[in-house]
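Counting along the sequence shown from 1, when you hit position 777 you're at 777 in the UniProt record's numbering, and nothing is skipped either side. One structure is given below, encoded as structure tokens.
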Amino acid sequence: MHDVLPSYSEAIARPDWLQLAAPYIAITDYPALCRVSSRCWHIFAPLLWRDPCAWSKRLGRSTDDDTGAFWGRFLLRDARLLSPRTRDLIRVVDVRQAIAVNEYNSWAENAAEHFCKFLALLPNVESLLVDDYCRVNARCLDHSDPSRPYRRLLMLSLKNTSHGISPSLTESRHLRALVYLDITGPAPVAFASLDANWLPELRILKMRGKQLNDYRWEAWAQRFHWRLWSLDISDNELTDESVHNVAGLIDVNTHLRTTDRFASEGMLERWHQCGARDQYILRESSESLIFLPGSRYLIDAPPINRLDGADDPDASCTRVRANGSAPVRPDTLHGVLGLLSRPGVSGATDHLPGHRGITHLHISGNRLTADGVQQLLTCSEGHLELFDCERMQFFPPKRRTTQAYPPRLKAPRLHVSSVVRMSGLPGFGHLFRPVYSSNLRVLRIHHSLVTNIPTLTMDGLRSIECAYLAEKCVFPRLEEAYTLPFLPDMNPRLQSLTLTCVPRYSFGPLICRLAFFFRFLSLQAEALSALAKNAQAEGGRPPRLVSGLRHVALELEPKMADESLDIDIENLMASGETPFSFFDSPLTEASNINPKQPRSIDLWRETLGPSEAPPVKLVRHDAPEGHNPMSSDQPSRSDPERQVWVLYANVNTDMSGVTHTSHSVVWAGNGWSTNPVIRKYNHLVVHYRLQEGIGPATMHQTRAGAPAGCILFHTTWLFAAMPQILKLPPDVDSQRKLDVAAELRQRWCRTQEDYQSAKQRYPNRQYFTWDGKFEIVDPQPVDNDWILWKAHSDYEPPYEFTKD
């Protein structure tokens, strides 16, 4: 039911038994049943004529290849032969596949002349889908019957149209009831013609590829407020600066995060120090910390609503998160068509009772960073049910401006490579737990969330070489810094997960990580099944359980369309040609090195010049903030319980120009830890004085060795988690690599018997059994030139580089 309930009158109405049986009758019998009686006609004719093109295909009378021929016949002949009563039943006009590229047919010849006249004959059309080529204006929406001056259009899809929305269409009275609008494509929209009352009933908006930057998006966002519940702004040019405008479309005034489920999920405490906004400290219970089956599998109890607001559904409904059992309402074109076609339920596309604002958000293909995604999910207050962001910049991190030092002093700088870029979301698994994302049930995200392996791109390197560096050089350090990737039981309410940007080939770690995730997924399914059986055996009414993760899809990276663009890097590097330079830092060898030697790239390093930052002030770890400075005697290396803490001074200037200084005690790691990331973090904070990205420690950093509930420098921690040098062997192609899709298919056992048999044959290999839906998506090849250009446009150096 997708959380949409019928009204009282719809619920108590007694439907015709034949109407209840209609979905179970073969569709090929519908035309014959319409001729039986007027009763059958009133039941089956609306189903048959709602979308004539779709039903023609389902009946086998046309195919996708001859859609143009179908609409050509329908335009010129069939529509005029239908009786007015039959034409009134047509609700959907879908001409998206009516013409192929460079194809000449009767539809293309007569569309411009006859389409408007044809549309005027259909007074009850609700959904108009005219993607790719057709121009629609207000005149096309007028009725031929003057007694029907207004059309109640609910869906309009103008994807990739050459003219976009014309000014006459933006002012058309026929769009006042529009709930779904798709204007994807580069065609411009006249922002000046849009006012706050434009499309008052709009709920689903898709604006992919509109070249929206932060400034243009701000103009759009101001017009919608909480009107929408689904927004798709993928493939634009938005940065982290647009996050607050996107969050403004979410009802952040209503908090779905509560402390009622502290025992099973933990709780959040807002952190207000150092002028922080939307940062939280995660308080764990003994149960929420270990992610074991138990009460986290139970759905939420229904809320108790007030009676004093019975006349106002929004006032009488207590705003709580979904109970975790119902699927998410679809916001795709076919999904919305299905919602509108459901008999007996009105308002299927409206906001759910007691809710408002965005719940479905698609922001893939923008220029967001991992910090921007974190900020968006943190300030969403748990309202998002569907979140789609396939790629985000992870390294180099966004420069966080700090005011810890007076303006006359310079903060320490790092020399960061300008040609190596990493995208992903390793170490951010806590953001998708119910304690943060209370309503999240559908997620499309970068695969590093569960693998801790980012996508590395570098000018001049092939994808297989970048994959080698990511798995063999970057992944081991990230494993030390973020020891626990996202697991299914971190959010049992999650129903669908799509992992994007999955490499086609792996050198081992990627496949092991994915198999590890699927093994825990099978354990979740077994635990849910065992709990359900035990509850039934005990008798009585069994408790309702969440469904768990039932759909997983892996989206492979697209193939390169032109492999001839690959360059023999070794020969060019050995030739000593000056124009060929992929790195902003010199190689560890001279330009005439032997091509058989490993190639090295400085990912980041400390600058040689002395820092002008003030000396680090150490304090005792149990001291209040700003007091009890530590003596000159440093803690002994033989005392592993002692940690190093620094006094961090945060300088803020208010609107009147008055400067305020506050102090916080921040964990600085230690020099004797067995974790190399902690030792490097301690060196950067204490000796190099790099103090950026202050905030509460996450559960991943706590598991790596940070004290629970402490404050640390997240940007400094990220640099400590990154290797300083990337070494690429000259014979990457000769390294053993596996096809990711084929390997996972082999390790997926359909039954427990197959799983036990496989484990006996190969005891050291990871297998998994799972009865959910597993998909591997292979996208279309893309142009190499576009990939290189896209990487360059997405990259903005966050650090000032030094010249060698």
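Each residue gets a CB set at the ideal place from its N, CA and C atoms; glycine is no exception.
Note: M422 is bridge-paired with F395, L456 in the DSSP secondary-structure output. Taking C-alpha positions only, H272 is separated from V666 by approximately 14 Å.
For the pair A221 and P186, the Cα-to-Cα distance works out to about 18 Å.
DSSP places A32 in the uninterrupted alpha helix (DSSP H) bounded by 30–33. Apart from sequence neighbours up to five positions away, the residues of its chain that approach T483 with a beta-carbon distance below 7 Å are H700, R703, A704, ordered along the chain. One alpha carbon belongs to N160, the other to R541, and they sit about 53 Å apart. Look at the stretch 430–503 and you find these whole runs of beta strand (DSSP E), each 3 residues long or longer: 442–446, 455–458, 496–502. Just so you know, the alpha carbons of C40 and S9 end up roughly 24 Å apart. Distances from the alpha-carbon of L18 to those of F44, L514, L156, T28 put F44 closest. Around E201, the same chain offers A177, V179 as residues with beta carbons nearer than 6 Å, after the five sequence neighbours per side are excluded.
Distance from D771 to A527 at the Cβ level is roughly 13 Å; contact not present, criterion being Cβ atoms closer than 8 Å. Here F486 has G429, F432, L449, V450 as same chain residues with Cβ atoms under 7 Å from its own Cβ, once five neighbours each way along the sequence are excluded.
Straight-line spacing of the CA atoms in E606 and H415 works out to 6 Å. Residues of the same chain with a CB within less than 7 Å of the CB of Q643, apart from the 5 flanking positions on each side, are H621, W667, N670, P707 in chain order. The C-beta of D731 has fewer than 16 other C-beta atoms within 10 Å across all chains shown, which makes the residue exposed.
Apart from sequence neighbours up to five positions away, the residues of its chain that approach N323 with a beta-carbon distance below 6 Å are I299, D300, ordered along the chain. Counting the other CB atoms within 10 Å of its CB gives G372 a total of 16 or more, which places it among the buried residues. Going by C-alpha positions, L156 is about 6 Å away from L129. Taking C-beta atoms under 8 Å as the contact rule, G693 and T715 qualify, at a distance of about 3 Å. Taking one beta carbon from each stretch, the stretch 222–229 and the stretch 353–361 have 3 or more pairs nearer than 8 Å; the two touch.
DSSP assignment within the stretch 242–276 yields the following whole alpha helix (DSSP H) runs of 4 residues or more, N-terminal first: 243–247, 262–265. DSSP assignment within the stretch 657–705 yields the following whole alpha helix (DSSP H) runs of 4 residues or more, N-terminal first: 676–682, 699–704. Taking a 10 Å sphere around the C-beta of I290, we find fewer than 16 other C-beta atoms and assign the residue as exposed. Put simply, of N245, P327, T67, F518 the residue whose alpha carbon is nearest the alpha carbon of S380 is N245.
Cβ-Cβ distances below 6 Å link H174 to L141, R151, L153 in the same chain, with the five nearest sequence neighbours on each side left out; the list follows chain order.
Spatial neighbours of L738 in its own chain (CB-CB distance under 7 Å, excluding positions within 5 residues in sequence) are listed in chain order as Y505, S506, I511. Under the three-state reduction of DSSP output, E555 falls in the strand class. Pairing L690 with F719 gives a Cβ-Cβ distance under 9 Å.
Sequence-distant partners of C710 (beyond 5 residues in either direction) whose C-beta falls short of 7 Å from its own C-beta, in its chain, are W667, A697. The residues P426, N452, A721, in chain order, have a CB closer than 6 Å to that of L478 in the same chain once the five nearest residues on each side in sequence are set aside. The beta carbon of P723 sits closer than 7 Å to those of C473, V474, R477, L603, all from its chain and outside the five residues before and after it, given in chain order.
In summary, G424 is buried, with 16 or more beta-carbon neighbours lying within 10 Å of its beta-carbon over all protein chains present. Contact annotation, R257 with G382: C-beta distance approximately 5 Å; criterion of less than 8 Å satisfied. For H360, the enclosing beta strand (DSSP E) begins and ends at 360–362.
Boundaries around F713 are those of the beta strand (DSSP E), 711–713, since no alpha helix (DSSP H) includes it. Contact check between the stretch 385–393 and the stretch 250–265: fewer than three CB pairs, one atom from each, fall below 8 Å, which does not count as touching.
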